[in-house]
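Order-wise, the sequence lines are chains A and B. With this note's numbering, letter number 469 in the first sequence gets 469, and the count goes up by one each step, no holes. With this note's numbering, letter number 169 in the second sequence gets 169, and the count goes up by one each step, no holes.
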Amino acid sequence: MSDAEELRHLMATEGDAISLNTKGFNRGRYDSVSRLDDYDELKDKARAIKEDAIERLPELIDQLEETIAENGGTLYIADDEDDANEYIREVVADREAERVVKSKSMTSEEIEVNEALEADGVEVVETDLGEWVLQVADEAPSHIVAPAIHKSRDAIAELFNERFDLDEPLETAEELTQFAREQLGELIEDAQVGMTGANFVTADTGTMALVTSEGNARKTVAATDTQIAVAGVEKVVPTVEDMQPFVELIGRSGTGQDITAYLSLLTPPVGTPNVDFGDDETPLSELDADRDFHLVLIDNGRMAMREDDDLRETLYCIRCSACSNSCANFQQVGGHAFGGETYSGGIATGWEAGIEGLDTAAEFNDLCTGCSRCVDACPVKIDIPWINTVVRDRINGEKEGQFDFLVDGLTPDEEDTSPSLQKRFFGNFETVAKVGSALAPASNWLANTTVSRQAMQRVLGVDARRELPKFTRETLVEWFADRETAVRNPDRRAVLYPDLYTNHVQVERGKAAVRVLEALNIDVVVPKVASSGRAPLSQGMVSTARDHAERVSAALLPHIEDGRDVVVIEPSDLAMFHREYKRLLDQSTHESLAGNSYEVMEYVYGLLENGASVDILTPAMGERVAYHSHCQQRTLGLEGHTTAVLERCGYDVLTSDVECCGMAGSFGYKSDYYDVSVAVGNDLRDQFTDADASDRTVVASGTSCLEQLDDLLERPTRHPIQLLAGDRR
Amino acid sequence: MSASSLDTFVSALDTQDVPCERTTRSSFVETLETHIRGPTVGVPLGDLGVELSETDVTVDPTPAQLKAAHTGVTPASFAIADYGSVVIPDSSDGAELVSLFVNRHVVVVEAEDIVPEMEAAFARFGEQFRTHLDSGIIATGPSATADMGDLVFGAHGPKEVHVIILEPTDE
């Protein structure tokens, strides 16, 4: 099956359930964190604890080893899967256990311990209801927190009715749950060994935290006399108190619950009496609590990730699933597409690259569009898009490009590695745009002929269904150069950044920005500047992106030193300046550029706040608009400025509440992803075509959003700055 | 405990639909009896200054009695006001088992033992765990799952939780 076919198949079979559940979790997250007074403080605190713990990890592990030995348990550090499984098999064999009951743990999935134990003839039973459903169905998890999220109630009922000899068919969630509880209850009560994960382990006391809602982890520990806890080495934190911010964030971030029903803080071996449920004579208080405890901490590539400047942040992950739930693509395709052998969702690339290798990560890494919606969702503020970009770069390096002889001479990129021809095409879009403008309108006509579209689809994987951008003959920079400025005594001076699209395609929004700024008495210049490097960065071409960053900063810094503000129309480029340039440039260059760059509507907002009169702008008499902010603009916290400015000008503004339009740069152009892109976009289309929105003028901040909206809607779209410019020439 | 912690705790329980009753030691037995259903087991509440001996509760049950029980009565070590959580001790009298292997958990907590928020709770855990190597379960509402396509209570643990808060008699 091609990637496109596989994605279509998953969307058709699992998409509805995935979508319903992840969107529900995500809405829950917004509601739950909005009730926290100190959400940002908690995130900062959580992040600081993880940074410190990973920094001091070897020392903390040594401390933990001593602590656990003093408590009467055993700590075993396993180098890899085989090492871990061998140890676990010995413990189970020593106990002469016939059945191991397990509480859900991703780390145990990672080492495939079930298979290892079953090979020894040991029965292994998953006790988390979702995980048990998958065990019965013989399927893999599709979500870090809710493994069977892709299965609907009907599908589970069908599965149970088929697999178990039932007198009455099960139907409701209540009936299914009750059935599972009874089945599992007996299996747990007779088991000898309980296996759990560990969400956190404290070095000072050897206390482990288990976060569950069902109570299966509690029963797994209480009903067995031997506990094996399996966790990655990165789970160690210094003290008991350090668990507090995580406890407050984990449920909210994942499923949108303020807190899960149970948070077990166990300092094993636990003191709960050992019970044999058939015992009708001995009172609980007279039973002993002889218990054996083994903590198996698994390295499996993690210590190497700790040394890796780009992958290290992955180890801060607390497995909450917020990155999956907030991801517009994940919401459509789920973890069976957007995931590797164990982990799924945005952070999975980092995990799979670290523990399995680049081959596994490569299978799904391109599903991250870098929209950055997960960055704010992550309770430990991991820069997930950056990890995905770096891994993409490394994958590019591993693949031999098939068409290098074709493109090497034509593409001016800085790549020593060999990205695919498609990646090099999109990554070098600046060159395409320059040629496109120089040859317009012939280039537009040529590109859209059937022959060209078929060739582009075949060679470059550019989907023939997506309309191509139309290059203008006169670029914004050329237009500006021929123009006289009308501003004599300016209030401020600005340099308008001519991003790739504004300069070559969306020239009208650039002209509108110049006119609005000049009307507000700003002296504007539009110099020739390189494109930001967003296009190569999206393809994982990091050195090319760095080259762009250096050229952009070299061109803009003299203007900044000259006292000009940098005004940026394209939010994805502003996001580059603010976020990714931190990784690509030296600190002072980055700070200078980021500190003086503003999104155009943010800038207008600032001018109005500082005394500019709104009357200068084109007034609207309650005109109704539907506004979609750009995903990266929202991550930067800049969505509200546009709304505020439009409202001040007299517009009635409806804002979209979907995570992302589904386009995100070149994503929707690619044949493999076109269908996913449209599926994601349907949420936005639905919102902007419903009764309250269908008559509204559609405005969007980003180029890709506008392109996606043009494809999805039957009415024209514009950048909001064009509304403010009105008929101004 | 401040009056506001008590109020916060009560309203947090209310949002979880966990029935809660404030009572005094002298009215405890009477209050408890309205909350128990079916065969009931319990662990001693001596540390809280109340006794189960005058009730129908089987104190210190055998494992078989526990398995047959519908209701379980245990103390909470303390409660966390803003989450409406109770902390179940992991004690040798089996509080963990009695709170978990039943359909209905009745938990008794002293008003004095309600801490305002999670930070205070973890300060207390830190001190306690470093000294006694203890364990504890922060339990918030009944056992729940959404894995079967809808939210259902009573996945592996109790379907219902009832909280009884003991207030000083002279108030």
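All C-beta atoms, glycine included, are put in the ideal place defined by N, C-alpha and C.
Taken atom to atom, the span from the alpha-carbon of Ile144/A to that of Glu352/A is near 13 Å.
Within chain A, no residue has its CB atom less than 7 Å from the CB of Asp113/B, the nearest being about 17 Å off. Residue environment analysis places Trp386/A among the buried positions, since at least 16 neighbouring C-beta atoms fall within 10 angstroms of its C-beta. Across the set Gly232/A, Gln722/A, Leu706/A, the C-alpha of Leu706/A shows the shortest separation from the C-alpha of Arg715/A. Contact between Leu358/A and Val391/A holds: CB atoms are separated by about 7 Å, below the 8 Å threshold.
The residues Thr31, Ile164, in chain order, have a CB closer than 6 Å to that of Glu21/B in the same chain once the five nearest residues on each side in sequence are set aside. Following the DSSP letters along the chain, one finds Val100/A in no alpha helix (DSSP H) but inside the beta strand (DSSP E) bounded by residues 99-102. Between Asp93/B and chain A, the shortest Cβ-Cβ separation is below 8 Å. Identification of chain A residues near Gly149/B by a Cβ-Cβ cut-off of 9 Å yields Ala17, Lys151, Ser152, Arg153, Asp154, Ala155, Ile156, Ala157, Thr172, Ala173, Leu176, ordered along the chain. Closest by C-alpha distance to Arg291/A, out of Ile228/A, Glu241/A, Val236/A, Leu249/A, is Ile228/A. By the rule that beta-carbons nearer than 8 Å mark a contact, Arg130/B touches chain A. Counting along the chain, the unbroken alpha helix (DSSP H) around Ile111/A starts and ends at 106-111. In this structure Ala693/A is in contact with Leu654/A, their Cβ atoms being roughly 6 Å apart against a cut-off of 8 Å.
The segment 627-643 of chain A makes contact with the segment 365-374 of chain A: 3 or more CB pairs, one atom from each, lie closer than 8 Å. In the DSSP assignment, Leu266/A falls within the beta strand (DSSP E) that extends over 262-266.
If you compare the alpha carbons of Ala555/A, Asn596/A, Asp547/A with that of Leu584/A, the shortest gap goes to Asp547/A. Between the segment 521-539 of chain A and the segment 660-669 of chain A, the count of C-beta pairs closer than 8 Å reaches three or more; the two stretches touch. CA-to-CA, the gap between Asp499/A and Gly606/A works out to about 22 Å. Distance from the CA atom of Asp204/A to the CA atom of Phe101/B, rounded to whole angstroms, is 31 Å. Taking the C-beta atoms as reference points, Val236/A is found no nearer than 8 Å to Tyr76/A.
Within the DSSP bridge table, the entry for Ile61/A names no partner. Residue state for Val698/A is assigned as strand, using DSSP reduced to three classes. Residue pairing of Phe153/B in beta bridges, as defined by DSSP: Ala144/B. Here the segment 552-567 of chain A does not lie against the segment 359-366 of chain A, with fewer than 3 beta-carbon pairs under 8 Å apart. By the Cβ neighbour-count rule, Arg163/A is exposed, with fewer than 16 other Cβ atoms within 10 Å of its own. 8 Å or more divides the Cβ of Ala222/A from the Cβ of Leu52/B. Distances from the CA of Arg153/A to each of Ser532/A, Ala146/A, Thr172/A, Leu439/A were compared; the closest alpha carbon is that of Thr172/A. Contact note: Tyr343/A does not reach chain B at a C-beta cutoff of 9 Å; the least C-beta distance is about 19 Å. Ala69/B does not reach chain A, its nearest Cβ partner there being about 12 Å away, counting only Cβ pairs nearer than 9 Å.
Of Ile616/A, Ala554/A, Glu131/A, Ala440/A, the smallest CA-CA separation from Asn216/A is found for Glu131/A. Non-local C-beta neighbours of His578/A in its own chain, meaning closer than 8 Å and more than five positions away in sequence, comprise Ala594, Ser597, Leu636, ordered along the chain. If you compare the alpha carbons of Ala440/A, Leu60/A, Thr196/A, Gly650/A with that of Leu266/A, the shortest gap goes to Thr196/A. Counting C-beta pairs with one atom in each stretch, the segment 4-15 of chain A and the segment 322-339 of chain A have three or more that are closer than 8 Å, which means they touch. Of all C-beta pairs linking the segment 271-281 of chain A to the segment 49-62 of chain A, fewer than three are shorter than 8 Å, placing the two stretches out of contact. Under the 8 Å criterion on CB atoms, Ser142/A is classed as non-interfacial with respect to chain B.
Not a single CB atom of chain A sits nearer than 8 Å to the CB of Val109/B.
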